Each structure stands twice: as C-alpha cells, then as structure tokens.
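>
4 protein chains.
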Amino acid sequence: MSPQSPLSKSGPPSTASPERSQLIDRYRDVRRLSEELCRPLEVEDYVIQTIEDVSPPKWHIGHTTWFFEQVILERFEPNLKRHDDRYFFVFNSYYESFGERIVQANRGTLSRPTLDDVMAYRQAVDERVVRLIETLDPGDIPALTELLILGLNHEQQHQELFVTDIKHNFAANPLRPIYLAGEHRPALPYPEAEFVQFEGGVHEIGHHGDQFAYDNESPRHRVYLNDFRLSSRPVTCGEYLDFINDNAYSDHRFWLSSGWDFVRQENWKAPLYWLHTDDGWQVMTLGGLKPIDPNEPVVHVSYYEAAAFARWAGKRLPTEAEWEIAARAQNASPVDGAFLDDRVFHPVGCRIQTPAESGTLHGMLGDLWEWTGSAYLPYPGYLQAAGALGEYNGKFMSGQMVLRGGSCATPRDHVRLTYRNFFQPEKRWQFSGLRLAEDA
Amino acid sequence: MSPQSPLSKSGPPSTASPERSQLIDRYRDVRRLSEELCRPLEVEDYVIQTIEDVSPPKWHIGHTTWFFEQVILERFEPNLKRHDDRYFFVFNSYYESFGERIVQANRGTLSRPTLDDVMAYRQAVDERVVRLIETLDPGDIPALTELLILGLNHEQQHQELFVTDIKHNFAANPLRPIYLAGEHRPALPYPEAEFVQFEGGVHEIGHHGDQFAYDNESPRHRVYLNDFRLSSRPVTCGEYLDFINDNAYSDHRFWLSSGWDFVRQENWKAPLYWLHTDDGWQVMTLGGLKPIDPNEPVVHVSYYEAAAFARWAGKRLPTEAEWEIAARAQNASPVDGAFLDDRVFHPVGCRIQTPAESGTLHGMLGDLWEWTGSAYLPYPGYLQAAGALGEYNGKFMSGQMVLRGGSCATPRDHVRLTYRNFFQPEKRWQFSGLRLAEDA
Amino acid sequence: MSPQSPLSKSGPPSTASPERSQLIDRYRDVRRLSEELCRPLEVEDYVIQTIEDVSPPKWHIGHTTWFFEQVILERFEPNLKRHDDRYFFVFNSYYESFGERIVQANRGTLSRPTLDDVMAYRQAVDERVVRLIETLDPGDIPALTELLILGLNHEQQHQELFVTDIKHNFAANPLRPIYLAGEHRPALPYPEAEFVQFEGGVHEIGHHGDQFAYDNESPRHRVYLNDFRLSSRPVTCGEYLDFINDNAYSDHRFWLSSGWDFVRQENWKAPLYWLHTDDGWQVMTLGGLKPIDPNEPVVHVSYYEAAAFARWAGKRLPTEAEWEIAARAQNASPVDGAFLDDRVFHPVGCRIQTPAESGTLHGMLGDLWEWTGSAYLPYPGYLQAAGALGEYNGKFMSGQMVLRGGSCATPRDHVRLTYRNFFQPEKRWQFSGLRLAEDA
Amino acid sequence: MSPQSPLSKSGPPSTASPERSQLIDRYRDVRRLSEELCRPLEVEDYVIQTIEDVSPPKWHIGHTTWFFEQVILERFEPNLKRHDDRYFFVFNSYYESFGERIVQANRGTLSRPTLDDVMAYRQAVDERVVRLIETLDPGDIPALTELLILGLNHEQQHQELFVTDIKHNFAANPLRPIYLAGEHRPALPYPEAEFVQFEGGVHEIGHHGDQFAYDNESPRHRVYLNDFRLSSRPVTCGEYLDFINDNAYSDHRFWLSSGWDFVRQENWKAPLYWLHTDDGWQVMTLGGLKPIDPNEPVVHVSYYEAAAFARWAGKRLPTEAEWEIAARAQNASPVDGAFLDDRVFHPVGCRIQTPAESGTLHGMLGDLWEWTGSAYLPYPGYLQAAGALGEYNGKFMSGQMVLRGGSCATPRDHVRLTYRNFFQPEKRWQFSGLRLAEDA
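Next up, the structure:
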C-alpha cells in the first residue's frame, strides 16, 4: 500500500478543519482495523460460508463498504455513478428498502467479485468518503457525521462477526487451520464466586446523552426491580464440565421445551467447538485446538444451554435491567475481560493476581457476551425510524434474547453499559456465555 | 347412558359430605361439558388431525381422562391397575416425566383405540375418580382437591382446543362441514373507538389469594409503567379490511423480520379462514361460510399480523401489564364478549345497544384472545415446580407471546384478569385478535 | 341391505340378455368383494393414512366408485347429474386429465364424506351402472364392456392396496390391532432349492390374444436371452435371517449406492414389519404379531434389499423376460401360493407335502410379488393411449422396477403370466419378496 | 515450474524403456490438460460449489490426484508415507471401501487445503507416479498399466465435470463471469432431418477386444431389436423453441409423472441456462450470455424434458442398443460434433457445408450426450468387481438413464461407441440433449 493510500495511518496531514480531520481519522482507524483482521487469511478463506449464519470474509469486507456507499454516498452524491451496480445486489444484507439481494445462504457460492475487486471497491469508496468529508457544505456536516458514526459502528459489528465467522469456518475444516498462532497462557483462577446483592426499587435504564448509541437502547426509562443478587463472575468451563458430567444434556428437567428439541435434534453434548478426544475435552479456538481450561469462562453456549445450566445450578439468568443496573453501580472499577483490541480472540478470564474487594463483579465487560433472561423487545416509548435505518434494529424485535457485555471479538470502544446485543436462543457461534443471578 | 351414570346431571343424590359432594358436582359438570361438545360430531370427525398443532377430538377426550388417571389416580391409588397400559403412551401430551409418547404429528394416524374405547375409558376413570372423592381419607382431601381443580382447569383448556381444532379440521375439508348450524346475527357497531388513558407508576400485577390460578400467574409483583392509553374496543374486521386493502401484506415496512418471512413463505393475504370469493371476502366459521361482518372483531390473526396492523395504524400492542392494570381498573363493569358457554363459537362484538359511558373498555374478556407485546417469560420470583407439574407451564417460557382475555371458545369460569395464555407468534388457529395501545 | 340391493348376491334374477347378465354378475362379484374386505374394520379405521403411500380405506371405497362414475357414467350418461360434484375433487387419484384433486398426503385428513356417505355413493353408482348395462343401446355394449372390465381390474388393484394399506396402518398403531384373527399354521419346508435351467435364444414375451390385459403388457415382442437358471422357490425368512446375521445391513459392499442411502437414512435393519423383541424376531401380520417362520417366503423387502440379498448370495435377480419365459415353460403345473381369495393375507409358502418333480418352480404365482432386475419401461412398440386412460400406466414408466407373480393380497383372477407390477425401488409396504437367478 | 517438472511438456527425455516412456507421456499429457483447463480461473473460482451435484475445481484437481495416490501408489508403494493423511478424508468421492469422507454437499465449504497446497500435492504425486513407472519391477508393469489407464480415464471424466461444474458456478453468479471469451460463430443449418432406417434382428452390443473400456460396457452380448429409424441429427434449439411455444411445459400430457413433479416443483420453463430477456431467449455459455441459435443442438435438458419432447413430436427416444447399432453401422464416416479438445465448450452443430449423403447420421459423437430410453442396468453376465473398483460403476445401476455419444466437454479420445454415460433423469447440468427415434 503506497503512502498516499487513504487507509495509511501515516498518510499526509489532512488540510481539513479539525472537526473534519477528526472524522477522517476515526473513519480511517476503523476501516484499517478491518483490513488488519484480514492479514492471516489466504485468498480461499475469503470465499466460504459453512452455515447460513456466517458470511464469507469477502462479503463482510464488501458489505461494510456497500453500507457507506448506499447510506452516505448515495445521499450526499446522488448524481455520482455507483462503483458497480451489481454490487448493490451482492452486498445488501437484509435491507428490504434497498430492494432485492442475494439469498443469505448463497453468499458462499460467489467467487466473483474477487478479493482484489472487493478491495478495489473498498479503496474507491474510502477515497470518495474522505473527499466528501473534506468538501461537504458545512451545513451538512452534522448529518454526515451522524451517518458516518452509524456506519463505523456497523463496521465494528462486522469486525466481530468477521472473527466469529472465521472461527466457524475453520472449526469445520478437517485440516483445523489456525487464524492466529500464539502461546496459550492458562487462565488465573477467579476469586471465589459470591453473589453480590443489589437493591431493587424504581431504577432507570437505557441510553441518554449525546454519545452514540443504537436506537434500541432508547429511550431511557424507569423499571421496577425486586432486590437481586448477581454472581461475581461468569460461569467457568470447570463448572460447565460438572454440568456435563452430571448428564444434564440427557435430563429433560433442566431444559426449556424448545431447547430440549434442539438438544436432541442437534445432538448437543457440550458447547460448540468442544471435542471429546482420547485426551479428554478439547476446544477449537482461533489459535487451534487446545485442552479445556477449567478456569476460563465458558463460551459458545446457546441461551437454552445457559438457561439449563442456571436451572441445574438452582439459580437463574439475570434480566437485562438487573445486569445494567449492577454494571452501572460498579462503574468506577470494572474488571474487564479481553476485547478484539487485545488480539487474543479467546476469553482470558481473571486478570488480577490479588483478590479484588469483596462485592466486585468480574468480567462484566469483555471476554464474552452474557445471555440475559430478557426477550429482545422495544423499550417503552421506542420509536422505530422510518425508511431503511428503521430496519437496523426494530424489525428484529421478535424471537431473540438479549446479551450484554461484549466479548473478546468486540472492539473495546464499541461496547457500553446500555448496549443490547441479541440472538436467537439456539445460536452458539458467538462468544456467548453466562453469569448467574438469584432473588435476594 | 343409564341414569346411574356418574356423568348424568340428574344422577342419584350423593351421600358424600357437602365438601366432597361439591367437588363431585364440579367434576361432573366440567366433564359433562366436554361430552356435550362432542354431540355434533360424526365418528370419523374424532380421528383426524390436519396439522401438527391440532389434535383429533378423540385424543382430547382421551388425554384429559389420562390426566386424571396419571396425575390423580396413580397418586392416590398406586396399587390399582391402570385401565389400559398402552393408553399411557397414546394419551401423554408433552410430559417427559411420564416417559415416551406418540409423536404429536402422528396423533391423527391412530384409529384405535376407537371412540367407544375412549368413551369407556372416560367413564371408567370418572367412576374411579368419583369413588375416590367419596372414600378418600379426610386428611388427603385438600391435596386431592388441589389436583382435581388443576385437572378440571386442564380439561377446560382442552375444551377450547377441541373447538378450535375442529374448526381447523372442518375448514380444510372441501365439503365445508358445519359444526353448529344457526342463524347468523350481524354484529352491532361498537361505540366509536376512543383511547382510554391510564396512569402509570408502580403497580402490582399477577395472582394472589386463594382462588385457583396457574403457577405462571404468580407471584404477584410490582412493575413500573409509563402512562398509557388503551383502545376502548378490539380491532374490527372492517378496520382489518382497510389494512388489507392498503396492500399491507405486500409492504415489508410494517412487519417484523421473522413475520415477513412467514408472510412470504405461507403466502398470507388475510387472516386464517378468510377466503376471497366472487362474492367478496368470506370467512369460514363453525357455522359454515359467511360474509365478513365489518363490525365484528377480527380473529385468527398471528402476533405478526397484530403487530403489523398496529404499526400500520401508528399505534402499538399493549404489554400484558398494561392490559391487566387497565382491566382491573374497570373491574366493576366489564362489558364482555361471548364465551364457550354461549355456544356461538364466534365473536359477537358489541352487545349493548345504548352507548356505554365514555372511557369504558369493551370486550376485554371473551370473544377473542388479545395479543400483547409481551414475551411469555417467568414473573420475577417465579418458581417452576419440580416433577411433571413443573412441565405444565414453565418449560414453555421461550419463543412465545402472551395473550389475554379469553375467547368465544373459552369456558367463562376458566378465565380471569391475571390469566396468561401464550402461543408462538406465527400461530393463527386460535381465536386471536388485538386491541391497540399508545403512549400517553 | 335390502334384498333388492344391486350388491346382494342373491338379488332378483336379471332380465337382461345373457351377455349383459354376465356383465352384471361380474360387476357385482368384484364390487361385493371390496365390501367383504371392509367387514373387520371399525368406522375409525376407514379414515386414517399413516404415510403418503397408503390411502384411507374410505378413500379406496370412494375412489373405485369414482372411477366408474368418471370413466363410464360420464361417458354414457353425459347429461345425468353427478352424485356429488365435490367428490370429483376428493376421489381423483392421479388423473391430471380430470383436473385438480386433493393432495395425496392429505387423504387421511378428511373426515367427510363419512363412511355412510361413501357407501351411499357406492350404492348409487352401482345402481346406475347396473341400469346402464341393462338399458344401453346394443351397439355400445362392446365399448361399455371394455371400460367396465378395466374398471373392475382397477378395483381389484385397489382391493390389494386396501389390504396392504390397512396392514401398514395397523402395524403403526401401538395397540397392534388385528384385521383377521385365525390360528397360525407353520409353513411346510420347501423342497431343497435347486436352480432350474432354461434355454436362451429368441423368445416372445408380452400379452396377446383377446383376454384383458393392461396396455403396458403389450405388444408381444421378441427378446434375446442367454441361457439362465431360476431358483425353484422364493427366498425364505430363514435365509433372510442369515443375511441379517451376516451384518449385511451394515456392509456397503452388497448395496446399490442409492439403496445404501436408504439403509442409513431409514435405519433399515430387517424387512418392514419385523421387530426384534426379547423373544427374538417377530413379524407384524394382519393376524397380529407372530414369531418369524424360517420356512416362509420373506416379504416386505424393497428392491434394494432384494438386490443386496442376491449380491450377498452370489446370485442375481431375474429379468422380467426370464421370469415370464420360465413361468410359461411350466404353465402346465404351477404350484401356487396364496391369493386374496384364500383370506390368509400372509404368504403360506410350500403347500405340497410330497416333493414335486425336480425342476419344478414353486410359488411363481401368489404369496408374494417377486422383484425383478428390470426397470419398468415401455415394451418395444408400446403406444400410450391418448386422454386420461393414457395416464393409467404409461406416465409411470420412470424410476420404478418390475415385479411379477401376484401376492396373497392379489385376487386370483387378477394376475397372469404377463402381468407387470411396478414400484419404486425403496418401497416395502407391498408383499414383495424375491427369487434368485443365475447365468447358466 | 522448473524445467525438471514432470508436468513440463518439454521435460528432459525419459531414460525409461519405450513402453514405460509411452506410459509416462500419456500420463503427462492427460494430467497437463487438467492444468490447462485451470488457466482461466481466479483463485476464488476454485473454492465454490453452487449445488451438491457440482464440485469445486480445487476438489477435482485434488480428487484425481488422490485417485492415483490411493489406487496406485498405495498398492505399489505400501510402505511409503502419504502426502497428507487428511487428504484421504477430503478428496475421497464416494468410495465406501476407503472409509469416511467429507459430505459431498460440503465440498464448497473448505478453504484449506489451498490451491497452492493442492497443486503441490498434485506435483508430488506426479513425481512419484513417474518414478514408479520408471523403476517398477517389469513383472508388475502390466498391472500398473491397467490401473494407470483407469486413473487417466477417471481424470478425463473429471475434466468434463470440471468444465460443466464451472459453467454451473458461473451461471449462478450475478456478475456472469466468462470462462473463455471468443467470437461466437453462428451454427450452419443441418441438412433436412430424415429418419434413417436400420434393420432389426439379433445384434451384438457392448465392448470386446483389448482396448480400454469400463466394466459396465461388458460383456458383449446379443440383443433382439425390431426394425427402427433414427433421426439424422439431434434436436435443435429452434425445434425446442417450438416445443416451448406450444406450451408443452404447462401440458401434463407430454410428461412422465415424476417429470411433471419436477416441472412444477422446479418451475421449469426451458432448458437450464436459458433466460427469457427483453431481447428474447438468451443462453448462458462458458463464453457468456448469447442469443439462442435455432440451428444449434439443444443441450442442458433433463431426460424428462427429452422424453416429453419426443412424445410431443410423436416420436420416442432410441434405446441404447439402437443407438450403438446405428452408430456402428455408420462407423466409416462419423460426422462429429465438438469435443473438449476443440476448446469451444459449446455444441457447434453442423460442420459440413455440402450436404452429406442421404442416410448419414450427423453428430452421433461429440457436441452433446444423447439421452436414450434405456435404464442404466447391468448387461447380461456383468460381473461387478470386488473391492473399491467395484464401486466405480456397478453400485450406480439404479435410478439412472443411459446417455451416449460424448459432448463438447468430453476429451475426444475418451469416448467410444460402446461408452455408457448415466445420470438421474432430472439432471440438466451436463451437455445433454436428444435425438429422436421411431419404430419402422
């Protein structure tokens, strides 16, 4: 990449105003991270799709670019020629407002556009976006900024999917490719788990203020909660092994009815990526196959497994309101897990050698998404935007459960305490685990 | 049936104590109603099952009997011989705790046991139950009563299913059989719809007290609500026709994403049982095919259709807490719709000629189940019972939405303001409609 | 049924001409047999359908009647009113020429028309057919006769299906109903099997002459065969047990590729209706469950199993030409198996106590249909009729294999040496077995 | 590739004996052709698989190499180390004898081994095979030769599949990639079609002699045929358009029953790759989209379509015996169509400007595979080999139809008059068309 490349970190100083210049920097930083994530891949790795849920890396690269072209350039440069009309069919994800698109399950059957084509598309759009920021009428800058920030958050979401999708694709390959080799450090044991009490009553949750947040985090609103207790740490692989060894996967009493259907149809016996080998339980990671570490938080479990584990343990999952209120109560000193920025792509678990003060919640942010017992529904007073952006979150408010906290595949500056992630209760390919709760 | 039959209304006076005698009467009344519902059927009608959701009438008759034998007689007469061991396989519905059972979708492939066999089973169990009530040790009467009341509520639920399942079976038949002929009276127009305001704040919902309620209605607990408004009446067929005629079934903007999938896969164009004929829209009822009556409440819509209608109308669905609080606020004068007891098997809509006072909610109970915007989840502090009875409600708390109010197929004394019905969001074969809400 | 019933055997003497009278007698005889087959059934048994391949007994009764109304009455009485227009939708099987029809898999979801309705339909059509025979213009009698004979052969085919379909429905029922109770007589051992040699060269096969035959048996034509040998008897259950015990169901080497797919997908371990119990292998029959009799011919095997058995045994299946030529060569003294007329509904195997002459083929006709290695294709010079009757056989000449000989569910006067039965290679619910062949 | 590469055309002169040297040359020629076919592809094109029937180009390259390693090197060098043990799982196609293998439908989900890995595998095996030929004990040369010839014929089959699979993958891509650009020359019109008569009687068909042939072409055997006539040329696109324009795709009367199911389920309206555009019918080719040429032979039709066309035309398809006898009768002067060697990858139709003598059959070999009316079954006396090579052809003798003649994707020296190709009757992705026949 030449020094003049708009993606280059050390490019020539922008002559734009400080505000515009900041926007360009932010744009380039986020876009560059996506390209860094590509580095370990072979050309062939960009093409494949092992299940409908995952998308080919090439598609992620193209789709995030499409979003900027479709949502921003089409609006501010309506008369300019599209890079390639056919990409509007190929790289649309689920926006009905933008017309027909390729069937999701068929994304892995497209060899063209090639990786080079997609990278050229990416570069061309980047150049146009940067030029747009530099030259747009000042009165339009606020509107542009709002959409750019949305586009960059969108790209961050796809950075996480990029990593989790590659993990799925590699784990299905009999050659067990390694995305990022590295020495594996065993996790430290967590301090002994305790159930930390929080007071109920009328609380407020949800987003407010000027910072970016998705529409589904608003409006901030009141909720009434009973007193509750939250475990000081996520459930570990060691605890999950106890659950497995207690034959919980063969005992209907712990399972929701639709979860039990999945257990039997899919023949679930353990979290996704766990393999029972002659050397005991092993787990496929982005660094290759390794033995289960009992001190690590368990990940790649479905909501059904999380709920069954909680019932087996005589506890329950927290609601999203409980999670958010507890997380905010400890805002001063979150003891975080790993994020995408750490490039470990695996939960690290406990990071502190000396025990924290009693009552500390460990790992609320990072390492893994925590399933809550809350269905993904609109907050009271939620307004779904009109047009295509209304499709971003609102139309998925059915049949999914909320997860909180962010994972080792999430960019650190993408999460926040009000962030609502959501997946269908049977999904397991995300870094999803759980933390127990109980009534006070 | 001989006059000595335990099912006979005018049977010989019971010699039991008043408490036992009352229990016997209640038992006989509920059981007799199931048999009355059978009268219009031919033998062949008892056997069939058009989709997995519905069960053959013969199966309902046997299953409700099985429940008394399995849950009550097996407990209080553990050494007595079962009526027929094979029925424990055939008539188990979904209780994993009771072992293997016939695949639900195959219930309609069993010609044996015959109707006569099943009726004999029913009579034999009835005789044993009555004898048990008469002779049980007084100390066990409270435990027996509790289970009997549960069994009778269970039977009432199946009375509703019996009717709605026959409707589905008959509607699928090219000969369009009629379950209950009768003159159709056009519905009166409702008073003009208004949005009645209710005050928010901390309220209590859920069951308390001595009366029977399902475990999922407990515990009573506090919720915080914003101020809200509820429409004074359900959405009518006339309004729903406007929605159809506005091409809402072809416009993705009104639909949840998974709902839109159903619209296209199932080619939905109107509520279930609506037929577009040369004479305009007609609807299949248990009394045969008849023209759409614009004043009637619309029924047989899925949650997806209810939510799409609300979005189209610029409103939303109420939450179950809003519904319950509003219903209780008007407890003094509910203006009811039809119940099973009325034997019309179709919503009647408005029943009053002179307009009610402004602010009156019409038809909160009866006529139709109203979809709410609430996912079916445990109330805070809910405890799922151990053993088979824990399977009654708790294991279904995933992927379903709550409906409130009771329908024209529900026994009147089965519903209450805290009653939580629940179905998957795509189901349409129940008498399910909607009432609009909005933020205050 | 009144003595005047056209179905009554001892009805009043017909005043028709001898030729017409004979036709009426034949018509009544065949139709009466169908009704006799109904006698052991309960009303509920008429309604059900356990898999798409089988049809409800009620449907067979209606469909054979429909055939006479549709093919004969509609032609000779074009202005007369149909019995019920809706039956033309309900009782059409696969005739595209006659328009839309109910989806085959849904035949078991129709409770109406009731059995009584269908029997009334049957009686009404019978009366009209008899009257037609009595009164038709003499010049039209040959055309009528031809269609009547076709209709009666069609009814005989459905008599066989009626029996085999009930067997499937009953075998799927956990109560194991019995169609026809009776003492089970063990089969005699066959004389020791020998491979009987036949001379090759140019032979003729296929139908010729005035007797009725289906169009697919024509034209008679020449074939060239190598010398070949045919086993003197069908494969027995004892021999098939050896095949099972040699783990042949787990050994891909014996199986056709598409057969191996079925073995694994359907988890085949033995013929249909064989059950491995604590008391060893048992088999479900129309007389109930009974132990495997090693001397009986094996039935309810697919073509794939027949071909795998032959390969396991180091032999092959005969072609249909070989079968027909061998059967004709021994025309003088066929040693038959059971037919429908014998009312045993199960293969009887060897019926002679003293050994037949060496070189005798046992059981070529009756007991079981013998899979051949011939695909069901048109004979050279075959002409598919125009119109609906062209749909009778011709359109199925793809993807099916030929079976020869007739079974214990086939009316004796329905089979002949040129008769070509055909089923898809995975079907097992017919009384289908095999006889081995080898090159000379 | 270094000059010493065994794949290099101008490699150093072999020092092997003339016989061995010839074998090496043949081996290198065939292997080199596969690599030439790769040249127009991008790396991404090697990875994808649009339907289960097609395989990724990378897989073809690996699988043909695997065949040499598995069948030849494993036999003659049993103690040598495999190139990569995991490839035995990845590149096995359907050989049960060689153990587990990747599910066929998942071949397109493997990004690893990469193209470079597979090419390295190819080169390594080539080197070992050449060294084996050079050094093997002379007594083993005949056995080696036999297997090598089989392996090279196997590779030729995959060369054809390679081309037809790429066509399918490219046609499914909205960017419509071009495999081989080139000027399109319109086809010459064929001489007027005539039905050429052949005499029946006892003929011989099948392979005999020393030349290589697959086991399914043997043994040579006698058949009896009636006199018959064969069309002098394949059916053209122009004729097929008449069939389409006569609404034959909506008229059940022309279709086999299972074919009619496909027409409706798959919504067939024309041959595969035909597109109805604003500019009329166009067809996707390996050279891109082009208008239908009415003089070209029609290709990419299923057996069902071929049989329906024949019935519509009042003719029939030839049997494979008729085809072979007619082809041999004209052996002296076949007027061929295109082969893979011609690099046009599309049927060229008539190649002669001056009309051939009356009675000449045009295009019996090359251009397209001709569907026959014969099921793919063993010839009389066919012996399926033991072990893995017995899986090559014999286990597929069920449910498929025979095609004859070779196509524009078949290597010219791979076909012969006795060659039996076979596919399921619904397959359309091969270059398959038809020639009409009739009874004399």
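Note that the protein sequences, when read in sequence, are chains A, B, C and D. So the first sequence is numbered by our numbering: it starts at 1 and just counts up by one. So the second sequence is numbered by our numbering: it starts at 1001 and just counts up by one. So the third sequence is numbered by our numbering: it starts at 2001 and just counts up by one. So the fourth sequence is numbered by our numbering: it starts at 3001 and just counts up by one. Yeah, the Cβ is synthetic: ideal placement off N, Cα and C, and Gly gets one too. No experiment lies behind these values; they were computed from the predicted model shown.
#1: Give the range of the alpha helix (DSSP H) segment to which residue 119/A is assigned.
#2: Would you verify that the beta carbon of residue 2177/C is, or is not, closer than 7 Å to some beta carbon of chain F?
#3: Is any beta-carbon of chain B found at less than 7 Å from that of residue 256/A?
#4: Whose Cβ in chain C lies nearer than 8 Å to the Cβ of residue 3439/D?
#5: Name the residue from 1374/B, 1271/B, 1290/B, 1268/B whose alpha carbon lies nearest to the alpha carbon of residue 1278/B.
#6: Between the stretch 1402 to 1421 of chain B and the stretch 1370 to 1380 of chain B, do at least 3 Cβ pairs fall closer than 8 Å?
#7: Indicate the three-state DSSP secondary structure (helix, strand or coil) for residue 408/A in the structure shown.
#8: If you drop the 5 nearest sequence neighbours on each side, which residues of the same chain put their C-beta closer than 7 Å to that of residue 3293/D?
#9: Buried or exposed for residue 1411/B, going by 16 or more other Cβ atoms inside 10 Å?
#10: So the beta strand (DSSP E) residue 3197/D belongs to, where does it begin and stop?
#11: For chain B, find out if any of its Cβ atoms is closer than 7 Å to the Cβ of residue 96/A; answer yes or no.
#12: Under 6 Å Cβ to Cβ from residue 2435/C, same chain only, skipping five residues before and after it: list those, please.
#13: Return the residue from the list 1150/B, 1257/B, 1199/B that minimises the CA-CA distance to residue 1213/B.
#14: So the beta strand (DSSP E) residue 222/A belongs to, where does it begin and stop?
#15: What does DSSP give as the partner residues of residue 2319/C in its beta bridges?
#16: Which of helix, strand or coil does DSSP assign to residue 2422/C?
#17: Nearest chain C C-beta to residue 3202/D closer than 7 Å, yes or no?
#18: So is residue 162/A in contact with chain D if we call contact Cβ pairs under 7 Å?
#19: Quick one: does the C-beta of residue 2125/C sit closer than 6 Å to a heavy atom of the ligand NAP?
#20: Answer yes or no: does any C-beta atom of chain A fall closer than 7 Å to that of residue 3426/D?
#21: Taking only beta-carbon atoms, is residue 1262/B less than 7 Å away from chain A?
#22: Quick one: is residue 2226/C near chain D, going by C-beta distance under 7 Å?
#23: Quick check: what's the CA-CA separation for residue 2297/C versus residue 173/A?
#24: So which residues on chain B does residue 375/A lean against when the C-beta distance must stay under 8 Å?
#25: Chain C partners of residue 3222/D, CB-CB under 7 Å?
#26: Using a Cβ-Cβ distance under 7 Å, would residue 3252/D count as near chain C?
#27: Please list, in chain order, the residues of the stretch 1391 to 1405 of chain B that have any C-beta partner in chain A closer than 7 Å.
#28: Would you say the stretch 136 to 150 of chain A touches the stretch 258 to 275 of chain A, given that touching needs at least three Cβ pairs under 8 Å?
#29: Which complete beta strand (DSSP E) runs does the stretch 2254 to 2334 of chain C hold, if anything under 3 residues is left out?
#30: Do you know offhand how far residue 71/A's Cα is from residue 122/A's?
#31: For a minimum of 4 consecutive residues, which ranges assigned as the alpha helix (DSSP H) are wholly contained in the stretch 48 to 96 of chain A?
#32: Does residue 32/A come out as helix, strand or coil in the three-state DSSP assignment?
#33: Excluding sequence positions up to five away, which residues of its chain have a Cβ less than 6 Å from the Cβ of residue 2407/C?
#34: From the DSSP output, read off the bridge partner residues of residue 1438/B.
#35: Roughly how many angstroms separate the alpha carbons of residue 2066/C and residue 2154/C, rounded to a whole number?
#36: Can you check which of these residues, 2280/C, 2254/C, 2127/C, is closest to residue 2314/C by C-alpha distance?
On the basis of the supplied data:
#1: 115 to 135
#2: The chain labelled as chain F is not found among the protein chains of the depicted structure, namely A, B, C and D.
#3: With its beta carbon less than 7 Å from one in chain B, residue 256/A belongs to the interface.
#4: 2380, 2381
#5: 1290/B
#6: yes
#7: coil
#8: 3186, 3187, 3237
#9: Burial is judged here by how many other beta carbons sit within 10 angstroms of a residue's own beta carbon; residue 1411/B has at least 16 and is buried.
#10: Residue 3197/D -> beta strand (DSSP E) spans 3195 to 3198.
#11: yes
#12: 2231, 2234, 2370
#13: 1150/B
#14: 221 to 225
#15: The partner list for residue 2319/C (beta bridge, DSSP) is empty, contrary to what the question assumes.
#16: In this structure, residue 2422/C counts as strand in the three-state DSSP scheme.
#17: yes
#18: no
#19: Because no ligand of any kind appears in the structure shown, any question about the ligand NAP cannot be addressed here.
#20: Output row for residue 3426/D: interface = no.
#21: no
#22: yes
#23: Spanning the two alpha carbons is a distance of roughly 49 Å.
#24: 1375, 1377
#25: The contacting residues are 2224.
#26: At least one C-beta of chain C is nearer than 7 Å to the C-beta of residue 3252/D.
#27: 1395, 1396, 1397, 1398, 1399
#28: no
#29: 2274 to 2277, 2280 to 2285, 2288 to 2291
#30: Per the coordinates, the alpha-carbon of residue 71/A lies some 15 Å from the alpha-carbon of residue 122/A.
#31: 57 to 67, 87 to 90
#32: When secondary structure is reduced to three states using DSSP, residue 32/A falls in the helix class.
#33: 2368, 2369, 2431
#34: 1229/B
#35: 11 Å
#36: 2254/C
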